[in-house]
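Below: the structure, in C-alpha cells.
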Amino acid sequence: MDTINDFLAVLSSDTCRILDLFLRLIVNTAFTVIIARCFYFPKARRKDFFFTYMLVGFCIFMLIHLMGDAKIKTGIAMGLFAIFCIMRYRTESVPIREMTYLFLIISLAAINGLAWAADISPKHPEFAGPLMTSIGELIVTDLVFVGGVWIAEANMLIKSRSSKYVKYDKIDLIKPSKRDELIADLKERTGLDITNVSIGSIDFLKDMALIKIYYNTNSNDEDEADKKMPKTYE
Numbered sequence: 000m001d002t003i004n005d006f007l008a009v010l011s012s013d014t015c016r017i018l019d020l021f022l023r024l025i026v027n028t029a030f031t032v033i034i035a036r037c038f039y040f041p042k043a044r045r046k047d048f049f050f051t052y053m054l055v056g057f058c059i060f061m062l063i064h065l066m067g068d069a070k071i072k073t074g075i076a077m078g079l080f081a082i083f084c085i086m087r088y089r090t091e092s093v094p095i096r097e098m099t100y101l102f103l104i105i106s107l108a109a110i111n112g113l114a115w116a117a118d119i120s121p122k123h124p125e126f127a128g129p130l131m132t133s134i135g136e137l138i139v140t141d142l143v144f145v146g147g148v149w150i151a152e153a154n155m156l157i158k159s160r161s162s163k164y165v166k167y168d169k170i171d172l173i174k175p176s177k178r179d180e181l182i183a184d185l186k187e188r189t190g191l192d193i194t195n196v197s198i199g200s201i202d203f204l205k206d207m208a209l210i211k212i213y214y215n216t217n218s219n220d221e222d223e224a225d226k227k228m229p230k231t232y233e
C-alpha cells in the first residue's frame, strides 16, 4: 500500500485525483457485482433489480465523489439515505428484500465515494481530511459488507420458515384432537418439513378445508401465490 501511496504522491494533483477516482470506482464496481450477482441474483432471478443495483451503485458513487468537499458530500450521502429509505417505485411495491439490497448498494457506494483511497497528504495537502482512508481499509470495509450479506443469506442465524395454503380433503383429521395425525398426513403427501398448521374455511358439502401449513425451508423465498388466501375460500 505504501508503494501505491508514494506513486500517487509524485503525480500532479489533477492526475492524482483521476487515478484516485478510477481506483475507487473499480473497487466499488467489483464489490457491487459480487453482492448483486453472487448473493442477490441466484435466489431472486430478477434482472430488472440487478440492472437497478448496478446503475444505482455507479450513479451514487459518481454523484458523491464529484459533489464538492467533505461536508457537502456527507450531507448528500445522508439525504440520499433518507430518500431511498422511504421511497417506493410508482409502478409496483418493492419487496423488503429488494429494498434492503438497494440500501446496501447505496451504503457501499457512499462509503467508497466519501473515503480517500490513499494517504498522499504530505505532498498533496488538499487530500488531507477526517475522511481520509487507505485503499486497504476501503477494501476491508467492503469485505465486511460482503461477509454480512453472506451470513444473512446463508441462514446461519435463524432457520427460515415458509407457508402456503392447501386444499385438504380429509375433514375428519381437522379436529384439534387429531392435529398430530393431520401434520403427519400432510408431511407424507407434500414431502415438506411441516411444523404447524392452521385451519381456515371448511366446506362440508364438498368435504374440503383450506389449511395454511408452515414448514422449514432452506430458501428465503416464499411463493407469492400462497401469501393471500384465495377469494373463494375467504
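Counting from 1, position 96 in the sequence shown corresponds to residue 95 in numbering that gives the first Met the number 0; the numbering is continuous, with no gaps.
Heads up, the beta-carbon is just placed ideally off N, CA and C, and yes, glycines get one too.
Would DSSP call residue i helix, strand or coil?
| i | result |
| --- | --- |
| Arg-16 | helix |
| Lys-174 | coil |
| Ala-153 | coil |
| Ala-114 | coil |
| Lys-211 | strand |
| Asp-206 | coil |
| Thr-28 | helix |
| Asp-184 | helix |
| Thr-216 | coil |
Can you give me the start and stop residues for the beta strand (DSSP E) that residue i sits inside?
| i | result |
| --- | --- |
| Thr-194 | 192–202 |
| Val-165 | 160–167 |
Where does residue i land, buried or exposed, given buried means 16+ other C-beta within 10 angstroms?
| i | result |
| --- | --- |
| Asn-215 | exposed |
| Phe-60 | buried |
| Ala-29 | exposed |
| Ile-17 | exposed |
| Pro-129 | Because the pLDDT of Pro-129 is 43, which lies under 50, any placement of that residue in the model is unreliable, and the number read from its coordinates should be weighed accordingly. With fewer than 16 other Cβ atoms within 10 Å, it is exposed. |
| Asp-235 | No answer is possible for residue 235: the residues shown for the chain start at 0 and end at 233. |
| Gly-56 | buried |
| Leu-54 | exposed |
| Arg-44 | exposed |
| Leu-103 | buried |
| Arg-160 | exposed |
| Gly-147 | exposed |
Provide the residue span of the alpha helix (DSSP H) that contains residue i, from first to last.
| i | result |
| --- | --- |
| Cys-58 | 46–64 |
| Met-94 | Residue identity differs from the one stated: residue 94 is Pro in this sequence, not Met. Taken as a continuous stretch (DSSP letters only), Pro-94 belongs to no alpha helix (DSSP H), as it is neither H nor E. |
| Ala-247 | With the chain represented from 0 up to 233, any question about residue 247 goes unanswered, as that position is not in the structure. |
Is it a yes or a no for the region 164–172 touching the region 134–141, going by three-plus beta-carbon pairs under 8 Å? Contact fails: fewer than three Cβ-Cβ distances are below 8 Å.
Taking contact to mean at least 3 C-beta pairs separated by less than 8 Å, is the region 45–59 in contact with the region 90–106? The region 45–59 makes contact with the region 90–106: 3 or more CB pairs, one atom from each, lie closer than 8 Å.
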